[in-house]
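For reference, the structure is listed below as structure tokens.
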Amino acid sequence: MKKLLIFLLGIFCLAACSSGKAPSVQDEGDMQLATNVSIFSSKENQKEWVLHADSVNFENMQSATLKNPQLFLKQDGEDSARVSGEMGTFDYAKQLVTIEGNAVLESLTEKARITAPRFFYDIAQDKIWSDARTVITRGTARSVAINGVETNSKLTKIVIKKHATQLPKNRKELQKNAL
10 MKKLLIFLLG
20 IFCLAACSSG
30 KAPSVQDEGD
40 MQLATNVSIF
50 SSKENQKEWV
60 LHADSVNFEN
70 MQSATLKNPQ
80 LFLKQDGEDS
90 ARVSGEMGTF
100 DYAKQLVTIE
110 GNAVLESLTE
120 KARITAPRFF
130 YDIAQDKIWS
140 DARTVITRGT
150 ARSVAINGVE
160 TNSKLTKIVI
170 KKHATQLPKN
180 RKELQKNAL
């Protein structure tokens with residue numbers, strides 16, 4: 010519980026100093042909106058993930074609503090993957106980030122792109138998953154996971170739930186995309 014309180018305090022501090030522009034916070038009744046927000050988690054002086062959003066609505070005490078969220082997953086201090094979408098939520102108690110609306114998971118190190126209606130990121134379990142038709146593309150190879158995928162934040166192991174695969178048409182095309 011103490012970690013959660015420190016984490017929430019960090020969120021509000023980051024919201025206040027997230028960009029060169031003065032962030033706007035509106036308080037109309039219960040509405041609490043911050044713009045250009047960055048939330049992150051660090052371990053041993055290395056960021057594990059960073060969540061950016063154009064705006065965050067903090068009016069709900071259980072979760073925050075995110076507009077145009079981008080979740081950057083880190084490996085050895087560098088961006089290794091990015092999850093983005095049109096809307097999202099951050100559930101404080103469950104430590105669960107949901108990103109939806111043309112959601113895209115891009116592996117920046119493996120040059121792979123995974124698309125789904127929505128992705129979930131469980132911070133405590135370091136797990137990303139989708140629960141609907143998900144398309145994995147790398148070069149011209151394409152796999153469709155009809156019931157979604159599950160992976161860790163490093164994308165080192167992807168579990169495909171019921172899938173179909175489209176392979177490159179010829180060896181030359183395969184070799185071209187391997188480079």
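If you're matching positions, the sequence shown starts at 10 in this note's numbering and goes up one per residue. No residue lacks a Cβ here, since even glycine has one placed at the ideal position from N, Cα and C.
Listed as beta-bridge partners of ASN66 by DSSP are LEU42, THR74. Shortest Cα-Cα distance from THR165 to any of LYS120, SER50, ASN45, ALA43 involves LYS120. Spatial neighbours of PHE81 in its own chain (CB-CB distance under 6 Å, excluding positions within 5 residues in sequence) are listed in chain order as VAL59, ASP88, ARG91. Going by DSSP, THR98 is part of the beta strand (DSSP E) stretching over 96 to 100. Cα atoms of ARG147 and PRO177: separation of roughly 10 Å, rounded to the nearest angstrom. With a 10 Å radius around the Cβ and a threshold of 16 neighbouring Cβ atoms, SER93 comes out buried. Inter-residue distance for SER116 and ALA43 is about 29 Å (C-alpha atoms, whole angstroms). Rounded to whole angstroms, the Cβ separation of GLY157 and ALA125 is 7 Å, and the two are in contact under 8 Å.
DSSP, reduced to helix, strand and coil, places LYS166 outside both helices and strands of the structure shown, so it counts as coil. Boundaries of the beta strand (DSSP E) around ASP88: 87 to 93.
Sixteen is the threshold: since fewer than 16 other Cβ atoms of the shown chains lie within 10 Å of the Cβ of ARG180, the residue is exposed. Between ILE132 and GLU159, the CB-CB gap reaches or exceeds 9 Å. When DSSP states are grouped into helix, strand and coil, LYS52 belongs to the strand group. For ASP140, the closest alpha carbon among the candidates ALA150, PHE128, ASN69 is that of PHE128.
The bridge partners DSSP lists for GLU182 come to none. Here VAL65 is near PHE99, since their CB atoms are less than 9 Å apart.
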